[in-house]
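One structure is given below, encoded as structure tokens.
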Amino acid sequence: MKLKSATLVTLGFIVVAAGTLYLNRINILHYSLGWYTDIKHPRESYRPVQWMDGPAQTASTSPRLPNVIIILADDLGINDVSTNGGGYTRLGAATPNIDSIARDGVNFVEGYSGAAVCTVSRAALLTGRYPWRFGVEFTPLPGAMARVVAKLNTEADQLHPTILNEERITEMKDFDDLGMPASEVTIAEVLKQRGYHNIHIGKWHLGSTKDMRPNNQGFDESLFMESGLYLPQDSPDVVNSKQDFDPIDKFLWPNMRFGVSYNGGKWFEPNKYLTDYFTDEAVTAIKKNRHRPFFMYLAHWGVHTPLQASKADYDALSGIKDHRQRVYAAMVRSIDRSVGRILQTLREQGLDDNTLVIFSSDNGAPGYIGLPEVNRPYRGWKLTHFQGGIRVPYMAKWPGHITPGQRYAQSVSNIDMLPTIAAATGAALPTGRSIDGVNLLPFLGSQPATQAQRPLFWRDGDYRAVLYQGWKLISSELPKKDWLFNLQTDPTEKTNLAVLQPEKLRELKLILQQHHASMPASLWPSLVAAPIYIDKTLDQPRDKNDEYTYWAN
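FYI, the numbering for the sequence shown is 20 to 572, going by our numbering.
In structure tokens, the structure reads:
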């Protein structure tokens, strides 16, 4: 009898525990990635990076090959940079260092990212190719994040629900296995043939297996951002801004950690605010390599969420009264300071005249941070193919080769970086594959050629866009709709001409169809499709008349 009672008590306990787990399944998923990270990747305390030593003196060969530095911000809106007429200049957070690249070189005023989201855009930048040519079409999400985001987003928006494909989650490869195939040839691999020492610092987001990490993609050294905090949340040196209206933000805070690794080693914690830490290490690496040609890909996490500012930057902007805007402006300030320190180091090391410096952002700023000014005057956000999602700050300087003070008006994309850098360094382009970008140098010198018109494409599943000869078509299956704009007369995409210009609509639809006809399937499927409101930030009330598109992850 006692045994039977004990069994019943045990069964009852199991039932209660199972019921409790079920009722709290979303909360468990909400924290599960962070718990898993703590177990699999415990962080060691800070240690200095032992960058490889370059030669003690410059080789006597002449002329010396140019150094190349790409500084890439994350989610930086076109209106965040004061050289484009916006930014936070009047509020004390101008971007004079970023602006100086345009002043001393060229501002690509029609500069575009290769995609409206990070993984796809970064793959485009590093390969000079449309990433859907090699199956990189969606940004990977951990399954737990997809479930939580879908649940919370649907609760918040009853007009257009978020769509979650549970079946695909169970079939999906591990998050670390999703990225750019090792068979793709990167800028670093192109420069290897010319004897360059290649350095990656910061975000990668193109896969975390050994085959897909930077060290297997042409980089000799990689200081790899392993998670997503700028500082621990409770650090006295950080000021946080949490957006309770954003499901992605609510997932990031409990799951992101403060950690990096060097050349695939164990995770360790940086010794200061992440943007400043990456900059310190970039400065050290430049000094180590001052006597040999080097390529540096400095891929900042700023200004991506979670919104965390260094306390010093936050305190410097006391004139900004809105807390969220002040944190964000402080983050922009830190990126600009980073650019200034890189440029100053080049001058101090006597490398300024022989270094091609390119600055850009991986895509436009998102609406989910709740700051409506970031992409003005353009409509749309990150995750959309409207101008706000794909128009980015984009500028370059190379003394003696790029005429200073240019405002280049033709449309350019980050797919143009690889062929431009290859031409600057005398490297051969990769063979056996289509290179979609073009070498921009002939258009930027003292006697510039004229760039031929060409179509530019964007793709996210069945949500696609093309820009050609000043006309832009955005075509969507969910909702089933076409937007057609004449950007020459309507640069901010206010008037949809799809009904009024049927011939132009057919022409651009045919161009889209021909481009995508031979593309392979994505290497991994989309897990979640979420509505993105084109003209409203995520914290603003929506109604049935608001225009929207769906973004597939």
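Note that beta-carbon positions come from the ideal geometry of N, C-alpha and C, so glycine has one too.
Because the structure is a prediction, the values reported are computed rather than measured.
With contacts defined by Cβ atoms closer than 7 Å, aspartate 123 and lysine 416 form a contacting pair. Between the C-alpha atoms of isoleucine 454 and phenylalanine 313 there is a straight-line separation of about 23 Å. The beta carbons of leucine 486 and leucine 503 sit no closer together than 7 Å. Inter-residue distance for alanine 548 and isoleucine 182 is about 5 Å (C-alpha atoms, whole angstroms). 7 Å or more divides the Cβ of leucine 437 from the Cβ of glycine 214. According to the DSSP assignment, alanine 207 belongs to the alpha helix (DSSP H) that extends over 206–211. Here tryptophan 570 is bridged, per DSSP, to Ala549. With distances taken between CA atoms, valine 411 lies nearest to Phe378 out of Leu52, Ser241, Phe378.
Every unbroken stretch of the alpha helix (DSSP H) spanning 4 or more residues and falling wholly within the segment 428–508 is given here in chain order: 436–444. Take the alpha-carbon of valine 258 and the one of glutamate 245: they are about 21 Å apart.
Considered as a whole, the segment 381–414 harbours 406–409 as its complete alpha helix (DSSP H) runs of no fewer than 4 residues, in chain order. In this structure the segment 459–470 does not lie against the segment 229–237, because fewer than three pairs of beta carbons, one per stretch, are closer than 8 Å. Collapsing the DSSP output to three states places asparagine 290 in coil. The beta carbon of alanine 443 sits closer than 8 Å to those of Pro85, Val87, Leu375, Trp417, His420, Leu460, all from its chain and outside the five residues before and after it, given in chain order.
For the pair of segments examined, the segment 260–267 was found not to touch the segment 296–305: the number of CB pairs separated by less than 8 Å stays below three. Straight across, the Cα-Cα distance linking glutamine 429 with phenylalanine 127 is about 8 Å.
The count of Cβ pairs closer than 8 Å, one atom from the segment 358–368 and one from the segment 524–537, stays below three, leaving the stretches out of contact. Here DSSP, grouped into helix, strand and coil, assigns leucine 516 to coil. Separation of leucine 52 and tyrosine 387 (C-alpha to C-alpha, rounded to the nearest whole angstrom) is 21 Å. By the C-beta criterion, the segment 281–290 is judged to be in contact with the segment 235–255, since at least 3 inter-stretch pairs fall below 8 Å. Boundaries around glutamate 240 are those of the beta strand (DSSP E), 240–244, since no alpha helix (DSSP H) includes it. Inter-residue distance for arginine 345 and leucine 336 is about 7 Å (C-alpha atoms, whole angstroms).
Excluding its 5 nearest sequence neighbours in each direction, aspartate 99 has C-beta neighbours in its own chain below 8 Å: Gly105, Gly106, Tyr107, Thr114, Val322, Val351, Ala384, Val393, Pro412, listed in chain order. Under the 8 Å Cβ criterion, the segment 187–203 counts as touching the segment 538–547, having at least three qualifying pairs. Every unbroken stretch of the beta strand (DSSP E) spanning 3 or more residues and falling wholly within the segment 214–241 is given here in chain order: 216–221.
Contact check for tyrosine 567 against proline 539 fails: the beta carbons are separated by 7 Å or more.
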